[in-house]
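Engineer: Take the sequence shown: its letters are residues 1 to 810, numbered as in UniProt numbering.
Ideal Cβ positions, reconstructed from N, Cα and C, are used throughout, including at glycine.
Please read through the structure below; I'll follow up with questions.
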Amino acid sequence: MSQGTLNTRLVKWSFDEIRQGQLWPIAISLTLIIACIFGLAALAERMEQVIVKQGKDALTADTIYISANPITEQNKQFIENSGLDSSWYTRFATMSFSDNGMQLITVKAVDSKFPLRGTLTLGSDEGSKNHVGEGELWLDSRIAEQLDVVQGDVVTIGDAELAVSGVILEEPGISFNPFQQMPTAYIHQSSVDQTGAVQLGSRVQFRAYLVGDEPQIEALKQQIELTPSDRWRDQTSGSRTNDIFDRTTQYLSLTVAIIIIMAATTLVLTCQNYVQSRRQTVAMLKSLGASRQWLVRWLSIQTLLLVSMSIVAGLVLGMGLETLLRLPLTDLLPDPLPTYGLKPAAIAVMSSLLIGVPALGIPLYKLISVSSVEVLQSADEKQGGWINLLVLVPLVPLLVAYRDNNLVWIVLAGIVGLFMVLAAISVLFTLLLGKVSLPISMKLAVSRINRSKRHTGLQYGALGLSLMLLTTIWLVRNDLLSDWQRTLPADAPNAFALNIAEYEKDAYLEALDGNEIQRSEAFPISRGRLTLINGEDAQNRQKKGLEEEDALSRELNFTYAEQLPSYNDVLSGEWTDVGGVSVEKEVAENLGLQLGDALGFTINGQEVSAKVNSIRFVEWRDMKPNFYFIFTPDVLANIPSAWLVSFRLEDKDNALISELSRNHPTVSLMDIRLMGEKIQGLLSQIVWSITVLAALGVLSGVLLIFTLLRLSLSQRQAEIRLYRTLGASRKRIVRTIWAEYGIMAITAGVVATFGAELVVGSIMTFGFELPWSWHLSTWIIVPAIAFLTLALVLFSLIRQMLTTSQKQFA
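Take a look at the structure:
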């Protein structure tokens with residue numbers, strides 16, 4: 001027989017083996033792995049592009065260079081020569097005047113290219129536009145109403161007289177800091193000098209918005225030397241605004257990794273099942289004279305055909321899966337959709353191949369090593385020795401790909417721990433059951449479990465692992481959503497009144513209370529700087545370029561109170577009556593402040609000092625008045641203060657806003673309802689994104705559990721034939737199977753829930769740095785899901801198994 005004829009027959013035999021033998025479960029597993037990874041990776045790639053774009057739109061650029069001083073000519077030259085698209089911005093506060101009123105406002109001077117990302121919508125009688133032109137003045141509608149001006153009227157901004165071009169309909173970006181939401185006016189950069197508002201010592205912020213490739217941005221950052229007054233802001237700067245985007249991206253990565261782990265577990269078990277079923281066949285072929293080389297060729301052809309068919313089928317199925325998963329998100333995704341390119345296909349194929357090398361290679365090597373003696377007598381499976389090193393093939397790329405992702409390593413540590421816990425509990429539980437008086441069916445079930453502890457441990461581990469991972473996906477999703485809901489609670493304040501003078505405080509608060517407006521307590525506000533820490537210059541604690549510590553290089557809002565706000569949690573120390581100051585946790589950590597440290601401040605030109613009496617946790621996202629430093633009343637007794645109050649407005653209160661503005665023209669009223677709507681819209685998109693991904697992860701987990709149970713039950717065929725031969729009734733066999741797998745499902749469900757709680761707790765605490773609590777309902781839901789999945793498997797297979805066994809018995 002020629003070599004070509006031999007190969008042709010081997011290929012034909014391999015097709016028959018795949019179609020009729022035990023290889024089809026491996027083909028299905030590989031196909032599902034590729035399809036799930038491709039579908040999830042493609043959707044995640046699109047979602048990540050959307051989320052990153054939203055984050056950059058919220059930032060209005062890829063990165064921002066910010067300085068409290070005018071940007072130097074040298075740095076301007078670096079920026080202009082960097083190849084990045086740039087836009088220049090200057091922000092300052094000044095008074096605005098019209099013939100009918102005056103108002104303190106925030107002026108944003110921009111060039112004609114601003115914004116580089118996001119949307120600025122300006123409305124006038126001629127229509128809307130998206131950029132500011134030279135000589136134009138665009139006012140917040142509140143300013144226009146306060147000054148009683150319309151388009152064409154002249155408003156004095158500092159020393160400059162500018163005609164009103166229209167009103168601001170929508171601003172780009174999202175700020176979670178309401179204290180920076182002063183009523184806004186936009187002018188062109190060319191009008192800044194005319195205002196005369198930017199002088200030496202003025203509180204001005206200068207920015208360069210930059211858009212371009214990451215290498216160009218990094219090269220520019222290397223060129224510009226930061227001073228204590230400078231910093232970069234981008235999506236990796238740790239800004240609170242970007243926390244949601246960062247955590248969402250981490251969650252996408254975590255979900256993909258968990259799906260891969262679950263798929264790999266199923267493939268390994270499927271391959272093990274195939275090898276066990278073919279040991280007799282290989283032993284028979286060897287006894288008939290088949291050489292090791294011939295067996296390698298035969299199995300290699302089968303494997304190559306198997307992998308090729310699985311890749312094609314998996315990619316096609318994955319494309320359909322991605323399209324199906326995208327349907328609920330049609331209204332949320334941009335049009336046209338961002339392409340996912342070849343990356344998802346490469347991830348799916350490479351992941352499946354890397355997983356398949358040890359999953360297929362180790363069992364097939366052991367299959368080739370089967371002795372011909374096994375035709376007559378079963379022998380123990382060889383351990384394999386060096387071949388077990390193939391597990392490094394997927395592990396090494398995993399180490400490289402996820403080396404900086406703590407979440408993945410937390411999950412992997414949880415997997416190892418869960419296997420150990422499951423092994424101990426399964427052995428202990430079944431040993432205890434064996435000593436209890438049980439019905440016949442239960443005794444048979446326990447006897448079988450105890451008869452093959454290694455096989456039972458593997459089944460428990462695989463089932464528990466899948467349950468733990470799908471539970472982890474869903475619980476992390478729920479905990480993230482619970483945390484994000486605090487970003488803008490339903491009852492959060494959406495208006496702030498600043499600069500309330502002492503003489504008008506009572507009247508202002510009475511107006512709010514008289515209209516039954518839900519408000520906070522009023523806080524006295526003074527502005528100043530932290531200058532000394534334990535007698536040394538506080539600037540020595542400043543770390544260059546870190547936004548979290550820029551409190552040292554700018555003025556802060558200070559307040560005093562008899563008691564700390566009830567919504568601030570005291571982490572250490574306690575409030576005192578005199579001579580004390582309470583410090584916010586992040587400031588204390590960044591500056592290395594301890595209880596008892598003596599701090600010096602310059603406030604309204606006066607020097608004051610206080611000792612740190614407590615450190616507080618502040619939840620900045622709840623939109624309540626919060627402060628880095630809160631003093632005891634005696635410290636600021638001689639310093640004049642304006643007052644601040646926050647409150648919640650509804651649509652019915654619009655008339656009240658106008659009335660307050662007319663009656664208290666010097667009070668800065670900040671209505672942040674539009675910002676709240678932008679935040680809610682952003683959150684709704686992200687919530688949908690991670691919900692779909694979490695649902696896919698859970699569905700994949702359930703399908704994998706279904707597959708695991710089917711494989712396990714299919715191995716029972718020979719035993720069922722034996723039971724029937726020995727006279728066991730159909731009813732007793734059914735009860736025994738229900739008892740055995742019921743014990744397995746419930747035990748694995750309970751232990752998996754415990755493992756998931758530990759993993760989720762670690763992820764939330766160390767991965768996301770968020771609080772965590774037990775999920776009591778999960779302890780019922782997960783075992784119930786395991787048992788229901790088991791029931792579906794039993795109902796789908798048991799009749800077929802018993803019918804087949806009965807025919808074979810006959």
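Excluding the 5 residues preceding and the 5 following K807 in the sequence, name in chain order all residues of the same chain whose CB lies nearer than 7 Å to its CB.
Structural biologist: Here K807 scores only 48 on pLDDT, less than 50, and its place in the model should not be relied on; the value that follows carries that caveat. The answer is none, since no qualifying residue turns up.
Engineer: Just list the residues that DSSP pairs L644 with in beta bridges.
Structural biologist: Answer is F523.
Engineer: Measure the alpha-carbon distance for Q194 versus D85 and round it to whole angstroms.
Structural biologist: Cα-Cα distance, rounded: 27 Å.
Engineer: Using the beta-carbon count (16 or more within 10 Å), is A637 buried or exposed?
Structural biologist: Classification for A637: exposed.
Engineer: Starting from Y365, trace the beta strand (DSSP E) both ways and give me its first and last residue.
Structural biologist: Unbroken run through Y365 is the alpha helix (DSSP H), 343-368; no beta strand (DSSP E).
Engineer: Taking contact to mean 3 or more Cβ pairs, one atom from each stretch, closer than 8 Å, check whether the segment 626-634 and the segment 647-655 are in contact.
Structural biologist: The segment 626-634, when compared against the segment 647-655, does not touch it at the 8 Å Cβ threshold.
Engineer: Determine the direct distance from the alpha carbon of E536 to that of V612, and round the result to whole angstroms.
Structural biologist: Approximately 15 Å between the Cα atoms of the pair.
Engineer: DSSP three-state call for A637: helix, strand or coil?
Structural biologist: In the structure shown, A637 sits in coil (DSSP, three-state: anything other than H, G, I, E or B).
Engineer: In whole angstroms, give me the CA-to-CA distance for P565 and V750.
Structural biologist: Approximately 42 Å between the Cα atoms of the pair.
Engineer: By the DSSP assignment, the beta strand (DSSP E) with S96 in it spans what residues?
Structural biologist: Start and end: 85-98.
Engineer: Can you tell which of L644, A345, M623, S572 has its C-alpha closest to the C-alpha of D506?
Structural biologist: Nearest of L644, A345, M623, S572 to D506, Cα basis: L644.
Engineer: Determine whether the beta carbon atoms of L367 and R292 lie at a separation below 8 Å.
Structural biologist: Going by C-beta atoms, L367 is not nearer than 8 Å to R292.
Engineer: With a CB to CB cut of under 8 Å and the five nearest residues on each side skipped, what residues in its chain are close to T303?
Structural biologist: So the list reads L360, L364, once near-sequence residues are dropped.
Engineer: At which residues does the beta strand (DSSP E) containing V149 begin and terminate?
Structural biologist: It is not in any beta strand (DSSP E) - V149 carries neither H nor E in the DSSP assignment.
Engineer: Does the segment 664-674 touch the segment 91-107, meaning 3 or more C-beta pairs lie closer than 8 Å?
Structural biologist: Touching, per the Cβ criterion.
Engineer: Quick one: what does DSSP say R732 is sitting in, helix, strand or coil?
Structural biologist: R732: helix per DSSP, three-state reduction.
Engineer: In the DSSP assignment, the beta strand (DSSP E) including F78 goes from what residue to what residue?
Structural biologist: F78 -> not in any beta strand (DSSP E); alpha helix (DSSP H) instead, spanning 73-80.
Engineer: According to the Cβ coordinates, are V476 and I743 closer than 8 Å?
Structural biologist: No, Cβ-Cβ distance for V476 and I743 is not below 8 Å.
Engineer: Throw me the rounded Cβ distance for the I64 and Y209 pair, which I believe falls under 8 Å.
Structural biologist: So it is a contact: roughly 6 Å between Cβ atoms.
Engineer: Compute the beta-carbon to beta-carbon distance between S609 and L599, rounded to the nearest angstrom, for a pair I have assumed lies under 8 Å.
Structural biologist: With a Cβ gap of about 7 Å, S609 and L599 count as contacting.
Engineer: S96: buried (16+ other C-beta within 10 angstroms of its C-beta) or exposed?
Structural biologist: Buried.
Engineer: Whole angstroms are fine: how far does the CA of G314 sit from the CA of G356?
Structural biologist: The alpha-carbon atoms of G356 and G314 are separated by roughly 14 Å.
Engineer: Which word fits D234, buried or exposed, when buried means at least 16 other C-beta atoms lie within 10 angstroms of its C-beta?
Structural biologist: Looking at its Cβ environment, which holds 16 or more other Cβ atoms inside 10 Å, D234 is buried.
Engineer: Is it right to say W138 is buried, meaning 16 or more other beta carbons lie within 10 angstroms of its own, or is it exposed?
Structural biologist: Buried is the call here.
Engineer: Looking only at its chain, what residues have a beta carbon closer than 6 Å to the beta carbon of D230, apart from the 5 residues adjacent to it on each side?
Structural biologist: S67, listed in sequence order.
Engineer: Distance, Cα to Cα, S112 vs I168?
Structural biologist: Cα to Cα, the separation comes out at about 15 Å.
Engineer: G238 by DSSP, collapsed to three states: which one?
Structural biologist: Only weak support exists for where G238 lies, its pLDDT of 45 falling under 50; the coordinates are left without a value.
Engineer: Tell me where the beta strand (DSSP E) around L390 begins and ends.
Structural biologist: From DSSP, L390 is part of no beta strand (DSSP E); its letter is neither H nor E.
Engineer: Where does G600 sit, in a helix, a strand or coil, going by DSSP?
Structural biologist: It is a strand residue.
Engineer: Which of the three DSSP states is assigned to D513 in this structure?
Structural biologist: Of the three classes helix, strand and coil, the one that applies to D513 here is helix, per DSSP.
Engineer: Could you pull the start and end residues of the beta strand (DSSP E) that T195 belongs to?
Structural biologist: Counting along the chain, T195 falls outside any beta strand (DSSP E), though it belongs to the alpha helix (DSSP H) covering 192-195.
Engineer: Determine the direct distance from the alpha carbon of I311 to that of N69, and round the result to whole angstroms.
Structural biologist: Cα-Cα distance, rounded: 58 Å.
Engineer: Please classify T265: is it buried, with 16 or more other beta-carbons within 10 angstroms of its beta-carbon, or exposed?
Structural biologist: Burial call: buried.
Engineer: Quick one: what's Y560 bridged to in DSSP?
Structural biologist: Y560 pairs with F631.
Engineer: Name, in chain order, the residues that DSSP records as bridge partners for F617.
Structural biologist: BP columns for F617 point to D569.
Engineer: Please name the residue, chosen from Q146, V132, G83, K731, that lies closest to P215 on a Cα-to-Cα basis.
Structural biologist: The shortest C-alpha separation from P215 is found at G83.
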